[in-house]
Ligand code: FES
């Protein structure tokens, strides 16, 4: 179809609905990347279509593939059912829970503390991160990038008094912070720079600093760091043992098929894990980062 050079994908879709097929189902409202309602997949990646110019993706008139967002059931055409998105939001109690109200007036929060939350507060709940989350694709119990970024917004808010309860929930709940695989898709597609994965990593640090280290995820992270600090590279043989615990027989047995597949593929790590040459340089990096904190 012929469209203006500055047209967005949403303009094109509205043109289709008004001129070609009045039955086309799509969602939109503000047309200014504020309301978050026009999330769709364009050429396989989640985007706000009101913010995506056709010319950017189709400079020479290439065909664009527009699909509904992923990881949520389709209601009609380009409209998905967002109820699971909001159910996951509710799981993280997305509101302030102060123990007591101020005696008079309102809560005073410092500028500095609020500025630190600006990134999280930029979220417009468009769900693009949920659409392209590779964990949700295989495990619907994962709380997901949007809700976890929202959780971090309240964990770091000085007016909230339920930090400990929130951290415990995010740490121990199935589908919590340790299920993120750091694929970066949420960071890539977020139209507001919220970078949900970075928020999840900050929550991991926070739960470990608070002493909640008795999970597979926390042990995995610690084992990873210890191995690289000690030898300069990852001891893949010890990693699962340290993550699950050697006495966790069920977990150890469940790893046997993986070990057999790795062996067949010639990917079994060396039994004797040697330090890399000049490992002191790696240790110096660790010291620098830790002293910076
Ligand atoms: Fe509101 Fe696109 S229509 S964000």
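In my numbering, the protein residues as written are -3 to 289. Every residue gets a Cβ at the ideal spot worked out from N, C-alpha and C, and that includes glycine.
For residue i, the three-state DSSP class (helix, strand or coil)
i, result
"residue 270", "coil"
"residue 298", "Past the edges of the chain, shown from -3 to 289, lies residue 298, and the structure says nothing about it."
"residue 22", "coil"
"residue 277", "helix"
"residue -3", "coil"
"residue 250", "helix"
"residue 29", "coil"
"residue 242", "coil"
"residue 9", "helix"
"residue 288", "helix"
"residue 213", "helix"
"residue 169", "coil"
"residue 137", "coil"
"residue 161", "helix"
"residue 151", "helix"
"residue 129", "coil"
"residue 188", "coil"
"residue 14", "helix"
"residue 231", "coil"
"residue 202", "helix"
Outcome for residue i when other beta-carbon atoms lying within 10 angstroms are tallied against a minimum of 16
i, result
"residue 116", "buried"
"residue 2", "exposed"
"residue 127", "buried"
"residue 87", "buried"
"residue 223", "buried"
"residue 231", "buried"
"residue 48", "buried"
"residue -3", "exposed"
"residue 366", "Outside the displayed range of the chain (-3 to 289) lies residue 366, so it cannot be described from this structure."
"residue 67", "buried"
"residue 277", "exposed"
"residue 210", "exposed"
"residue 76", "buried"
"residue 36", "buried"
"residue 18", "exposed"
Opposing strand residues paired with residue i [DSSP bridges]
i, result
"residue 207", "In DSSP, residue 207 forms no bridge with anything."
"residue 35", "44"
"residue 4", "49"
Whole-angstrom C-beta distance between residue j and residue i, which should lie under 8 Å
i, j, result
"residue 171", "residue 139", "5 Å"
"residue 291", "residue 216", "Residue 291 cannot be examined here, being either before or after the span of the chain that is shown, -3 to 289."
"residue 113", "residue 153", "6 Å"
"residue 46", "residue 27", "5 Å"
"residue 192", "residue 124", "Not really, about 10 Å apart at Cβ, beyond 8 Å."
"residue 258", "residue 198", "Going by Cβ atoms, the distance from residue 258 to residue 198 rounds to 33 Å, so no, they are not a contact pair."
Report the residue ranges of all beta strand (DSSP E) runs contained in full by the region 37 to 122; include only those spanning at least 3 residues, in chain order. The region 37 to 122 contains these whole beta strand (DSSP E) runs: 41 to 44 and 70 to 72.
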